[in-house]
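K.L.:
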Amino acid sequence: MDILSAIHGVMTDPISWFLMVVGVCAGVLFGALPGISTSMGVALMLPFTYRLDVIHALILMVSVYCGGIFGGSITAIMFNIPGTPEATPTTFDGYKMTLKGEGGKALGTAILCSAFGGAFSVLMMALISPLLVKAALNFSPADYAAVAFLGLSAVAGLGHGPKEQLKAILSVLLGLLLATVGIDAITGVPRFTFGSPALLGGIKFIPVMIGAFAGGEVLRQIESRKKGLMIGIELFRKDVTTRFPSLREFLEIKWTILKSALIGLGIGILPGAGATIAAFVSYGVAKRSSKHRDKFGTGIMEGVAAPETANNASTGGAMVPLLSLGIPGSGTTAVILGIFLMYGLQPGPLLYANNPKLVYSIIVGMFFANILMIFLGRLGARLFVEFLRLPYYVIGTTIILLSVIGSYGLDNDIDDVWICLVFMIIGYFMRKYDFPVAALVLGLVLGKLIENNLRRALIISGFSWSNALLRPLTISLILLTIFMLLWPYIKALRSKEVKAD
Amino acid sequence: MGDLIFEISVLGIAIFLYAAGVTLDSKNPISVMRPYWWPKMILILILIASFALILTSVRELWVYRRPREASKKAWPWLLAQTVNIILLVALQNLLGFLVSAIIFSIVSSFIIDGKLKAVHIFISFAIPFGLTLFFGSVMGVVLPRGVGFLRELSFLIY
Numbered sequence: 000m001d002i003l004s005a006i007h008g009v010m011t012d013p014i015s016w017f018l019m020v021v022g023v024c025a026g027v028l029f030g031a032l033p034g035i036s037t038s039m040g041v042a043l044m045l046p047f048t049y050r051l052d053v054i055h056a057l058i059l060m061v062s063v064y065c066g067g068i069f070g071g072s073i074t075a076i077m078f079n080i081p082g083t084p085e086a087t088p089t090t091f092d093g094y095k096m097t098l099k100g101e102g103g104k105a106l107g108t109a110i111l112c113s114a115f116g117g118a119f120s121v122l123m124m125a126l127i128s129p130l131l132v133k134a135a136l137n138f139s140p141a142d143y144a145a146v147a148f149l150g151l152s153a154v155a156g157l158g159h160g161p162k163e164q165l166k167a168i169l170s171v172l173l174g175l176l177l178a179t180v181g182i183d184a185i186t187g188v189p190r191f192t193f194g195s196p197a198l199l200g201g202i203k204f205i206p207v208m209i210g211a212f213a214g215g216e217v218l219r220q221i222e223s224r225k226k227g228l229m230i231g232i233e234l235f236r237k238d239v240t241t242r243f244p245s246l247r248e249f250l251e252i253k254w255t256i257l258k259s260a261l262i263g264l265g266i267g268i269l270p271g272a273g274a275t276i277a278a279f280v281s282y283g284v285a286k287r288s289s290k291h292r293d294k295f296g297t298g299i300m301e302g303v304a305a306p307e308t309a310n311n312a313s314t315g316g317a318m319v320p321l322l323s324l325g326i327p328g329s330g331t332t333a334v335i336l337g338i339f340l341m342y343g344l345q346p347g348p349l350l351y352a353n354n355p356k357l358v359y360s361i362i363v364g365m366f367f368a369n370i371l372m373i374f375l376g377r378l379g380a381r382l383f384v385e386f387l388r389l390p391y392y393v394i395g396t397t398i399i400l401l402s403v404i405g406s407y408g409l410d411n412d413i414d415d416v417w418i419c420l421v422f423m424i425i426g427y428f429m430r431k432y433d434f435p436v437a438a439l440v441l442g443l444v445l446g447k448l449i450e451n452n453l454r455r456a457l458i459i460s461g462f463s464w465s466n467a468l469l470r471p472l473t474i475s476l477i478l479l480t481i482f483m484l485l486w487p488y489i490k491a492l493r494s495k496e497v498k499a500d
Numbered sequence: 000m001g002d003l004i005f006e007i008s009v010l011g012i013a014i015f016l017y018a019a020g021v022t023l024d025s026k027n028p029i030s031v032m033r034p035y036w037w038p039k040m041i042l043i044l045i046l047i048a049s050f051a052l053i054l055t056s057v058r059e060l061w062v063y064r065r066p067r068e069a070s071k072k073a074w075p076w077l078l079a080q081t082v083n084i085i086l087l088v089a090l091q092n093l094l095g096f097l098v099s100a101i102i103f104s105i106v107s108s109f110i111i112d113g114k115l116k117a118v119h120i121f122i123s124f125a126i127p128f129g130l131t132l133f134f135g136s137v138m139g140v141v142l143p144r145g146v147g148f149l150r151e152l153s154f155l156i157y
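The listed protein sequences correspond, in order, to chains A and B. The numbering of the first sequence is numbering that gives the first Met the number 0, which starts it at 0 and goes up by one. The numbering of the second sequence is numbering that gives the first Met the number 0, which starts it at 0 and goes up by one.
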């Protein structure tokens, strides 16, 4: 009944439709612009939500999220430059199709497959999340702490080697430490405030996210450009007329699309794996299982369909743990969690119970945003490419000004802008030395949840670690977290052994 | 070398905060009930992780002797842009959002593009005006208005 009411509410609300259109367009634009990630795009859209009610704000943000994942494929196909990391495998066949004069068809395939992958994952999200919510209603504080720890293992996907993994772990620890600033919820003692009243309430997520994601990237881009390391996009005139594949062509690759959608959904649910891994894995699986495996990499539709379906299917997957457990599994979903918290809401089982209309409105909004992508992607591809011609001084200056407005507009407090500025500088150094900013944000967002639940669990158990943690679910989750954190080291060790052999 | 300095800085900050935590922590017999119990656990892990990272970086520096970075110096521009952002924030209350944003945009255009032509000036006015009108008037975000006549003037715009 709730879902029918949500469908009716969203479908008959012109503001929701307007926000979905704006969100998808902005997301595609951010995704298409190299140097603006989906997380950064979602963070930059925050000031646009300040005067919206929570349902509209979240509909706008999930639309940006869906559009952003697709947007990266435009530059990947037209210029061989992935606008976002998750569009990298799309370049393998997409750009080759452009060279063969089939760029329009590659774009059409990317649009249809992204929309299908996204819409499919949203439907699955609507089915899976309530089941997870039922299980989560029986969670103890220790279980919650363990689930949040599992969310932190998302950092496993953010580092691509033992050293990078160590950097990701350090980033997440710094985020956890930042979450401890302010008055301690249990003892009421101020921690690490150094006498500053501005820090008594803790460090707010929003200025940190905006500063670290957006401002830090602008400073990094300036550095790259001044060092002459930035390769400009050769924006010679190209025919950007989108052409959808025929029904027969589409049906020929139906199994690739379905497999990729399932892979994307599954990988999206796992913390840390995300859209990039989903796109690479599905490209590999499609290549291995295809009748035309030798043609992969030469410019075939299947090579575009697989990664594009999977990376958009991961969006619905990534929203499952966020909506049902309140645990974000990626940088972008961490920013979306920040919006929930900004409105005083904690996603999780209680949100499903107390505010089902909100949850289902997000699901419905996300579904329609994916459908809208078909029309907006087709109509707007040429326009989005025109935006790539904007000089960086326009983009960089606008990003900084939006960051300032976003931080100030939160509570009309200049202290928030100073916090944003500090994290712009920290974000710059983190990017420069390959520390994942998303890990810091994830630590900051999950820090309080872990600390409060862990301490609550220890208090309930009479301050006994064994009583608190030695429960089947808790211990399984902790072991799974440890395994995910150690996995890159095990993989590196195994590859060393293989090389030695 | 820069990454090593960054990692040493993180280690230094962690040691400082740990010392602060130890000094400030209460003497509650039950450790969980001490306010710095959790931060100290995190700080210990930070100390271990940053120490391991420093060792890895030193080893890499020693073994591989990485080539020097590109010769073109970017740091004066970065420093200039950082000061520009600091001024943007610091002048908000005095000059208001619009005026400080225009000054910021002009300097930022010069820093990023390395030149200042009429088009840069035009865009440096257009972006702050556009953002101020949209957020100040349409979205209802209360942007800083400045003092004196700038404040009066701001009410005519947003």
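Every residue gets a Cβ at the ideal spot worked out from N, C-alpha and C, and that includes glycine. Predicted model, so just to flag it, every value in this text is computed and none were measured.
Do you know offhand how far A/F235's Cα is from A/V63's?
P.N.:
A caution first: A/F235 carries a pLDDT of 48, below 50, which makes its placement in the model too unreliable to give a value.
K.L.:
At 4 residues or longer, and completely inside the region 368–422 of chain A: list those alpha helix (DSSP H) runs for me, N to C.
P.N.:
With a minimum length of 4 residues, the unbroken runs of alpha helix (DSSP H) contained wholly in the region 368–422 of chain A fall at 391–410.
K.L.:
Going by DSSP, what residues sit across from A/P189 in a beta bridge?
P.N.:
A/I182
K.L.:
Just verifying my parser: in three-state terms, what is the DSSP assignment at B/E6?
P.N.:
helix
K.L.:
Could you have a look at B/L16 and say whether DSSP puts it in helix, strand or coil?
P.N.:
Secondary structure at B/L16: helix, using DSSP grouped into helix, strand and coil.
K.L.:
Of the residues A/P348, A/A456 and A/L98, which one's Cα is nearest the Cα of A/T297?
P.N.:
A/L98
K.L.:
Using a C-beta to C-beta distance shorter than 9 angstroms, which residues of chain B count as neighbours of A/Y391?
P.N.:
I111 and D112
K.L.:
Taking the CB atoms as reference points, tell me whether A/A304 and A/T255 lie closer together than 8 angstroms.
P.N.:
yes
K.L.:
When the cut-off is 8 angstroms and only beta carbons count, does B/W61 lie next to chain A?
P.N.:
no
K.L.:
Pair every Cβ in the region 305–320 of chain A with every Cβ in the region 250–265 of chain A, then say whether three or more of these pairs are closer than 8 angstroms.
P.N.:
yes
K.L.:
Considering just the uninterrupted stretch of the alpha helix (DSSP H) at B/Y35, what are its terminal residues?
P.N.:
Looking at the DSSP string, B/Y35 is not in any alpha helix (DSSP H), and its letter there is neither H nor E.
K.L.:
From the beta carbon of A/E450, is the nearest beta carbon of chain B less than 8 angstroms away?
P.N.:
yes
K.L.:
Ignore the nearest five residues each way along the sequence and tell me which others in A/A109's own chain have a CB closer than 6 angstroms to its CB.
P.N.:
S72, V303 and E307
K.L.:
Which residues, taken in chain order from the region 471–500 of chain A, show a beta carbon closer than 7 angstroms to some beta carbon of chain B?
P.N.:
The region 471–500 of chain A vs chain B, Cβ under 7 angstroms: nothing.
K.L.:
Suppose you measure from the CA of A/D183 to the CA of B/P38; what does that come to, to the nearest Å?
P.N.:
10 angstroms
K.L.:
Is the beta carbon of A/A213 closer than 8 angstroms to that of A/A42?
P.N.:
yes
K.L.:
Within the 8 angstroms Cβ cut-off, does A/T89 reach chain B?
P.N.:
no
K.L.:
Whose CA, out of B/I4, B/L130 and B/G20, lies closest to the CA of A/V180?
P.N.:
B/G20
K.L.:
Using a threshold of 8 angstroms, state whether the C-beta atoms of A/G267 and A/L441 are closer than that.
P.N.:
no
K.L.:
Go ahead and pull the three-state DSSP assignment for A/F295.
P.N.:
coil
K.L.:
Is there a C-beta anywhere in chain B that falls below 8 angstroms from the one on A/F235?
P.N.:
Residue placement at A/F235 is flagged as unreliable, the pLDDT there being 48, under the threshold of 50; the coordinate-derived value follows with that caveat. By this cut-off, A/F235 is not an interface position.
K.L.:
Once DSSP output is grouped into helix, strand and coil, what is the label at A/R242?
P.N.:
coil
K.L.:
Output the residue ranges of the alpha helix (DSSP H) runs that lie fully inside the region 318–371 of chain A and measure 4 residues or longer, sorted by chain position.
P.N.:
330–341 and 348–353
K.L.:
Over what stretch of residues does the alpha helix (DSSP H) that includes A/L123 continue unbroken?
P.N.:
It is Met, not Leu, that sits at residue 123 of chain A in the sequence shown. Start and end: G102 to A135.
K.L.:
Suppose contacts are defined by Cβ-Cβ distances below 8 angstroms. Is A/A274 in contact with A/I80 by that definition?
P.N.:
no
K.L.:
Between which two residues does the alpha helix (DSSP H) carrying A/T222 extend?
P.N.:
According to the sequence as given, residue 222 of chain A is Glu; it is not Thr. Unbroken alpha helix (DSSP H) run through A/E222: G215 to K225.
K.L.:
Tell me the rounded alpha-carbon separation between A/T565 and B/W36.
P.N.:
The structure shown has nothing for residue 565 of chain A, since chain A only spans 0 to 500.
K.L.:
Which residues in chain B sit within 8 angstroms of A/D183, going by Cβ to Cβ distance?
P.N.:
P34
K.L.:
Do we get a CB-CB distance below 8 angstroms when we pair B/F50 with the residues of chain A?
P.N.:
no
K.L.:
Tell me, please, whether the CB atom of A/P46 is closer than 8 angstroms to any CB atom in chain B?
P.N.:
yes
K.L.:
Secondary structure at A/I80, three-state DSSP: helix, strand or coil?
P.N.:
coil
K.L.:
Under three-state DSSP, which class holds B/I122?
P.N.:
helix
K.L.:
Which of the three DSSP states, helix, strand or coil, is assigned to A/Y432?
P.N.:
Of the three classes helix, strand and coil, the one that applies to A/Y432 here is coil, per DSSP.
K.L.:
Using 10 angstroms around the beta-carbon of B/I29, count the other beta-carbons present and answer buried if the total reaches 16, otherwise exposed.
P.N.:
B/I29 comes out exposed.
K.L.:
Measure from the C-beta of B/A182 to each C-beta in chain A and report whether the shortest distance is under 8 angstroms.
P.N.:
Any answer about residue 182 of chain B is impossible in this case: the structure gives chain B only from 0 up to 157.
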